[in-house]
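Count along the sequence shown from 1, then add 42; that gives the number in my numbering. Just so it is clear, CB atoms sit at the ideal spot from N, CA and C, and this is done for glycine as well.
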Amino acid sequence: MRNVREVKTPTKYVTIFHYTEKHPIYIILHGLLFAFAKYFPSFSAKRGLIRLSGMKVGEHVMISPCILDPIRPDLVELGDYSIIGWDTLILTHEIVRGRMRIGSVKIGKNVTLGARSIVLPGVKIGDNAIIAAGSLVNKDIPNNAKVGGIPAKKIRLKWIKN
Ligand SMILES: CC(C)(COP(=O)(O)OP(=O)(O)OC[C@H]1O[C@@H](n2cnc3c(N)ncnc32)[C@H](O)[C@@H]1OP(=O)(O)O)[C@@H](O)C(=O)NCCC(=O)NCCS
43 MRNVREVKTP TKYVTIFHYT EKHPIYIILH GLLFAFAKYF PSFSAKRGLI RLSGMKVGEH
103 VMISPCILDP IRPDLVELGD YSIIGWDTLI LTHEIVRGRM RIGSVKIGKN VTLGARSIVL
163 PGVKIGDNAI IAAGSLVNKD IPNNAKVGGI PAKKIRLKWI KN
């Protein structure tokens, strides 16, 4: 079960900017910040820029060009030495038929989040976990787990044995 909470919305048919979670200017500024940081060649400068959003980014995290959620970036934690693969999407919000939920995402230390993976709001990924490319992480992943697929399930890797 994901750890999410529902946000009250004013009407049934609304855009992202009508939600009461954050002011539209906050969302736009963080969107621009992430767009600027996306292809930054220096990982340490990129970490510094992304930290300006309130995201807790550990030491030596390698953040490839990916999509970070501008609505509540402060709810994301990336553990030391983790690798955030190309084109991954880390969400702290989800909207379905005009209803919205918010949840924090914690990615432990030394995690590999494979390219094009999607992490839904409210999940924790344990230390040393490997998430194969193109996975959907829709529940907590334990320490040292190796998972892949949609939704992500345990897989046995040939390359990385332990
Ligand atoms: C996780 C990964 C490293 C595994 O490599 P590997 O050990 O050579 O894995 P294999 O191809 O031998 O596959 C082992 C098993 O896992 C499964 N598997 C591998 N990748 C998978 C994926 N992305 N989704 C679902 N299942 C996957 C295979 O089907 C196989 O299952 P089987 O034993 O039932 O046949 C690789 O699949 C991967 O995702 N690489 C991308 C890493 C990445 O994006 N890094 C960050 C950006 S550089």
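One Cα belongs to glycine 150, the other to isoleucine 105, and the distance between them is close to 14 angstroms. Annotation for histidine 72: no beta strand (DSSP E) segment contains it, though the alpha helix (DSSP H) segment containing it runs 66-79.
In this structure, the alpha-carbon of aspartate 129 lies about 20 angstroms from that of leucine 117.
Rounded to whole angstroms, the Cβ separation of proline 66 and serine 95 is 16 angstroms, and the two are not in contact under 8 angstroms. By the C-beta density criterion, methionine 142 is buried, having at least 16 other C-beta atoms within 10 angstroms. The alpha carbon of isoleucine 160 has as its nearest neighbour, out of Ala171, Val179, Ile125, Phe82, the alpha carbon of Val179. The alpha carbon of lysine 181 has as its nearest neighbour, out of Trp201, Leu75, Asn170, Gly145, the alpha carbon of Gly145. Secondary structure of glycine 90 (DSSP, three-state): helix. Distances taken from the Cβ of alanine 175 to the heavy atoms of ligand 1 include one shorter than 7 angstroms. Short of 6 angstroms from the beta carbon of lysine 166, and not among the five residues preceding or following it, lie these beta carbons of its own chain, in chain order: Lys148, Asp182. Using a 10 angstroms sphere on the CB of methionine 43, the tally of other CB atoms stays under 16, which defines it as exposed. With a contact defined as Cβ atoms closer than 8 angstroms, isoleucine 113 and isoleucine 69 qualify at about 6 angstroms.
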